[in-house]
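*Asks:* Residue numbers (my numbering): 71 to 404.
Each residue gets a CB set at the ideal place from its N, CA and C atoms; glycine is no exception.
1. What is the rounded straight-line gap between the Cα of residue 130 and the Cα of residue 234?
2. Per the contact definition of three or more C-beta pairs closer than 8 Å, is the region 222–230 in contact with the region 251–263?
3. Buried or exposed: where does residue 332 fall if 16 or more other Cβ atoms within 10 Å of its Cβ makes it buried?
4. DSSP three-state call for residue 315: helix, strand or coil?
5. Less than 7 Å between C-beta atoms, sequence neighbours within five positions excluded: which residues of the same chain meet that for residue 359?
6. Between the beta-carbon of residue 377 and the beta-carbon of residue 253, is there less than 8 Å?
7. Taking the Cβ atom as the reference point for each residue, do residue 276 and residue 293 lie within a distance shorter than 8 Å?
8. Look at residue 271 and residue 237 and say whether their C-beta atoms are less than 8 Å apart.
9. Pick helix, strand or coil for residue 219, following the three-state DSSP scheme.
10. In angstroms with no decimal places, state the Cα-to-Cα distance between residue 86 and residue 127.
11. So, does the region 297–305 touch the region 323–339, judging by three or more C-beta pairs under 8 Å?
12. Quick one: what's got a C-beta closer than 6 Å to residue 291's C-beta in the same chain, skipping five residues either side?
13. When you compare only the Cα positions, how much space is there between residue 336 and residue 207?
14. Among 89, 118, 154 and 161, which residue has its Cα nearest to the Cα of residue 339?
15. Give the DSSP-derived three-state secondary structure of residue 371 in the structure shown.
16. Could you check whether residue 214 and residue 241 sit closer than 8 Å to each other, using their CB atoms as the reference points?
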């Protein structure tokens with residue numbers, strides 16, 4: 071035991087300056103978000119990018135890398151604690167089918183549109199998955215199983231910025247759109263939960279109409295979040311087999327995905343008390359804020375600017391596609 075801790079202490083001495091830097095940036099982002107309003111993830115990203123000059127410093131480099139990778143995966147795994155199988159079943163088979171179709175078709179549409187715009191396959195997968203599932207959290211989860219290089223990290227950050235912005239726009243406009251098409255409360259809940267990118271914006275948009283719509287939209291949204299498990303598992307397998315065979319391959323099923331599935335199963339059995347669910351949900355949110363701050367430190371504004379207009383068109387078109395798909399499904403089935 072003494073030898074174990076003796077081996078670990080030097081490692082943490084290397085990591086703690088970078089980890090502490092990311093935590094400090096995350097706390098600053100949370101403070102501004104709480105007092106001025108706005109998404110914490112977006113503030114964390116921009117504040118982190120403002121400290122890009124520190125990315126090459128030897129004291130913080132290892133800790134920043136650890137935070138952007140390991141703490142990110144831990145945070146994604148913890149999101150599983152919010153979901154139960156009863157919640158998914160409660161929205162009904164038609165809604166479940168609509169959600170699954172929306173996720174699968176949006177990702178495929180993203181891949182196809184990305185190829186038409188002459189963008190790499192990974193960009194279509196990443197943006198399509200982020201729009202289809204749960205916004206910034208999905209982008210971070212998917213990026214964790216993609217090949218590790220600067221271009222993928224840069225595009226992940228762009229996707230986080232894009233889906234967070236579009237999710238805020240959707241939160242404001244989609245309730246009015248549901249009213250324009252004359253959707254009943256149940257259909258409105260399905261539309262909001264099936265199309266808006268981030269969970270927080272779904273809750274806010276639903277409660278703009280009524281608490282009942284808010285609850286229904288949240289259950290639909292959590293069903294989309296549950297799709298993170300099969301989607302990331304499939305992508306992990308695809309990119310694992312397509313990695314070119316150089317070096318050791320990653321595990322068939324990443325550990326954070328196993329943790330995500332295990333927490334869904336345990337919570338579905340009612341073994342996790344509500345206070346623990348709330349605590350784990352809060353910890354998950356903080357892990358994602360801190361990890362996105364670390365990713366921001368590794369990226370500059372100039373690097374994001376080099377991506378051009380095509381990724382913007384990709385994200386916006388995928389968002390409109392998903393909204394049209396769910397709205398069309400609701401009109402046809404009601």
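*Replies:* By the coordinates alone:
1. 28 Å
2. no
3. exposed
4. Bear in mind that a pLDDT of 46 at residue 315, under 50, signals an unreliable position, so the model cannot answer this.
5. 96, 99, 100, 110, 111 and 114
6. no
7. no
8. yes
9. coil
10. Taking the straight line joining both Cα atoms gives about 13 Å.
11. yes
12. The beta carbon of residue 291 lies closer than 6 Å to those of 263, 269 and 272 in the same chain, with the five residues before and after it left out.
13. 21 Å
14. 154
15. helix
16. Not a contact, by the Cβ cut-off of 8 Å.
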